[in-house]
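Right, one structure below, let's go through it.
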Amino acid sequence: MAACLFKNCTKSVRAASSRAVRPFGLRRPATAVSPQRLAQQQQQLRSLSIVQSFDGDAGKALKEAAALDELIDVMLEAKSQQELSRLVAENIFSFDPKFWMRIATRNDSLKNEADKDKLKAVADTVMVLVDAMVKQTEQQLNDSAGVLQEVLKAAADDKGEWYLPLDKEQVSSVRAALERYSDRLDEALLSNCFAWMKKCQDDRMDTMVALLQKVLQLYAAKALQGQEAEGVAGVLNEVVFAEEQEWEPIIRRAAATGEVAEAAFMEVLQKKMEATVLGMQSGSYAQRVQAEYLKEIEARAKTVFRQLAAAQ
């Protein structure tokens with residue numbers, strides 16, 4: 018799935034923010050999206066036929082075919098059953114009648130029997146995986162969708178509307194909700210979050226994309242926060258739990274006071290990144306979210322230390 022927390026998403030966040038804030042501090046909702054509207058989106062996401070029906074437009078049909086071909090190619094190149102399972106889970110809403118028609122079309126166009134056998138094997142596996150996922154995780158996804166909706170509601174005002182950027186009170190409210198549901202912050206919830214984000218991206222609901230990104234950032238901050246309070250590890254821990262816009266000022270302040278040096282900070286950060294990657298299930302949503310969060314901190318830290326070195 019192409020959704021992300023930071024990369025190529027900053028523009029969306031800023032665009033949503035600029036629309037969400039009026040001059041002189043008066044704010045209005047950039048998109049009038051309420052929890053009720055979100056519930057409607059949730060109902061749409063439950064259907065495996067969310068791809069819009071073919072309307073006869075040749076350009077649109079070609080784009081749809083290209084997107085399906087890309088998905089099929091990626092699955093054909095999967096190195097393991099686990100990787101294929103992850104791809105199916107991430108694209109669960111793509112396996113509608115059009116997908117299977119595309120499989121049949123590609124099969125008819127193949128000349129090599131080995132290629133046909135490989136395509137059939139992948140198609141059979143995907144069919145089994147989709148059926149198993151629908152049967153085994155429907156209730157879990159429904160439950161986690163409810164939890165995610167409650168977390169998002171924590172950021173809404175008393176009228177059920179969201180404003181971006183979230184103010185400190187709203188951020189605290191979301192953090193409190195994440196803490197309240199800490200035992201439910203699992204793969205099912207993260208899967209729902211990514212699926213909702215993809216749906217919102219497809220529908221050009223930039224504000225909702227930014228809001229879901231913020232939830233993932235706060236989730237990562239909670240998951241990665243340690244107990245360290247002193248030294249370089251303490252500074253890193255402070256950065257991890259801080260909001261994105263506070264990272265560089267914290268690092269800059271600690272570097273200016275001599276509390277941290279670049280080599281020491283990067284060493285501690287690298288160890289935390291290694292622990293995250295090696296200590297979690299490979300390819301899991303939790304690993305991906307937390308690893309990307311730390312990679313972004315690394316990029317921001319390098320920027321700060323580079324600027325400080327240039328200023329000397």
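Sequential numbering of the sequence shown, starting at 18, is according to the numbering used here. Even glycine gets a Cβ: it sits at the ideal position worked out from N, Cα and C.
Classify residue i: buried if its beta carbon has 16 or more other beta carbons within 10 angstroms, exposed otherwise.
| i | result |
| --- | --- |
| Met225 | buried |
| Glu186 | exposed |
| Gln262 | exposed |
| Val294 | exposed |
| Leu311 | buried |
| Arg221 | exposed |
Taking residue i as the reference, which of the options has the closest Cα?
| i | options | result |
| --- | --- | --- |
| Ala292 | Glu279, Phe282, Gln307, Leu325 | Gln307 |
| Gln98 | Val145, Arg270, Glu313 | Val145 |
| Glu196 | Lys77, Val164, Leu181 | Val164 |
| Phe282 | Val232, Val256, Gln262 | Val256 |
| Asp203 | Lys239, Asp220, Asp223 | Lys239 |
| Ala194 | Ala84, Ala172, Met297 | Ala172 |
| Met214 | Asp200, Gln166, Glu178 | Gln166 |
| Ala318 | Gly296, Ala278, Gly300, Gln234 | Ala278 |
| Gln242 | Leu286, Val321, Ala106 | Leu286 |
| Ala273 | Glu247, Glu284, Gln329 | Gln329 |
| Ser199 | Ala78, Lys231, Tyr180, Tyr236 | Tyr236 |
| Gln304 | Ile267, Leu233, Glu247 | Leu233 |
| Phe322 | Val294, Tyr302, Ile267 | Ile267 |
| Val143 | Ser102, Pro182, Asn209 | Ser102 |
Measuring CB to CB, does residue i end up less than 8 Å from residue j?
| i | j | result |
| --- | --- | --- |
| Leu104 | Met92 | yes |
| Glu260 | Leu22 | no |
| Phe112 | Val147 | yes |
| Glu100 | Gly300 | yes |
| Gln157 | Ala227 | no |
| Lys115 | Leu88 | no |
| Phe211 | Glu309 | no |
| Lys231 | Leu253 | no |
Give the straight-line distance between the Cα atoms of residue i and residue j, rounded to the nearest whole angstrom.
| i | j | result |
| --- | --- | --- |
| Lys137 | Lys96 | 16 Å |
| Asp141 | Leu207 | 27 Å |
| Leu325 | Lys216 | 41 Å |
| Val191 | Ala162 | 16 Å |
| Arg270 | Val168 | 32 Å |
| Gly275 | Glu265 | 15 Å |
| Ile109 | Val151 | 9 Å |
| Lys135 | Ala121 | 13 Å |
| Asp184 | Ala149 | 42 Å |
| Tyr180 | Ser189 | 14 Å |
| Gln218 | Ala250 | 37 Å |
| Leu229 | Lys128 | 45 Å |
| Asp174 | Glu284 | 41 Å |
I'd like the ranges of any alpha helix (DSSP H) spanning at least 4 consecutive residues and lying wholly in the region 191 to 271.
Counting whole runs of 4 or more residues, the region 191 to 271 contains the alpha helix (DSSP H) stretches 204 to 219, 223 to 241, 248 to 258.
Restricting to runs no shorter than 4 residues, where is the alpha helix (DSSP H) found entirely within the region 91 to 176?
98 to 107, 114 to 126, 130 to 170
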